[in-house]
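Asks:
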Amino acid sequence: MKQKNILAQTEPEVPEGAAVISVGDEDSGFSNLAASLAEIRKLKGVFGYILRNKKSAIVDLEEQEKISSLALLSTHIRESSFESGRPFNLSDIESVLVEGKNAKVLCMSLGENMLDVFMEKTASDVSITKRILL
Numbered sequence: 000m001k002q003k004n005i006l007a008q009t010e011p012e013v014p015e016g017a018a019v020i021s022v023g024d025e026d027s028g029f030s031n032l033a034a035s036l037a038e039i040r041k042l043k044g045v046f047g048y049i050l051r052n053k054k055s056a057i058v059d060l061e062e063q064e065k066i067s068s069l070a071l072l073s074t075h076i077r078e079s080s081f082e083s084g085r086p087f088n089l090s091d092i093e094s095v096l097v098e099g100k101n102a103k104v105l106c107m108s109l110g111e112n113m114l115d116v117f118m119e120k121t122a123s124d125v126s127i128t129k130r131i132l133l
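For the sequence shown, numbering that gives the first Met the number 0 assigns the number 0 to the initial residue and increments by one for each residue that follows.
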């Protein structure tokens, strides 16, 4: 008699206090990114992230009162990047890093998933990008 191994599919671990909005079925790409970002969030210098697609969103920020401001900032970064790249035929910009005086924001698009990682200026955006892409 042949046995079947059934693997239980687990939901991504969402940090306590993170805002989660979900409509419909989760996709595995979103779930994998959520798990990676939950680990990245624990790194020194990372103070939050926003992960979203058409069906779901996860927001994990140290300062919950800044959710709308940071979401607006990341939206403006994406729109500005798109408009700036248009004359150069850069229609699909996959990632943008914006550095300010004390902080920086990494905005990435991976398929239908968009993520924004907010970090201190001293945090290593290169290692964070590598962890996201693995």
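Beta carbons are placed, not taken as given, at the ideal position from N, Cα and C, and that holds for glycine.
Per the DSSP calculation, residue 81 is bridged to which residue(s)?
Replies: Answer by DSSP bridge pairing: none, since residue 81 is not bridged.
Asks: Name the DSSP bridge partner or partners of residue 90?
Replies: Partner(s): none; residue 90 has no beta bridge.
Asks: Starting from residue 119 and walking both ways along the beta strand (DSSP E), at which residues does that stretch end?
Replies: It spans 112–119 - the beta strand (DSSP E) in which residue 119 sits, taken as one unbroken run.
Asks: Taking only the alpha-carbon atoms, compute the straight-line gap between residue 50 and residue 128 and give it to the nearest angstrom.
Replies: Their backbone Cα atoms lie some 14 Å apart in a straight line.
Asks: Tell me the rounded alpha-carbon separation between residue 31 and residue 100.
Replies: Going by the C-alpha atoms only, they are around 32 Å apart.
Asks: Can you tell me whether DSSP reads residue 64 as helix, strand or coil?
Replies: Note: residue 64 maps to helix in three-state DSSP.
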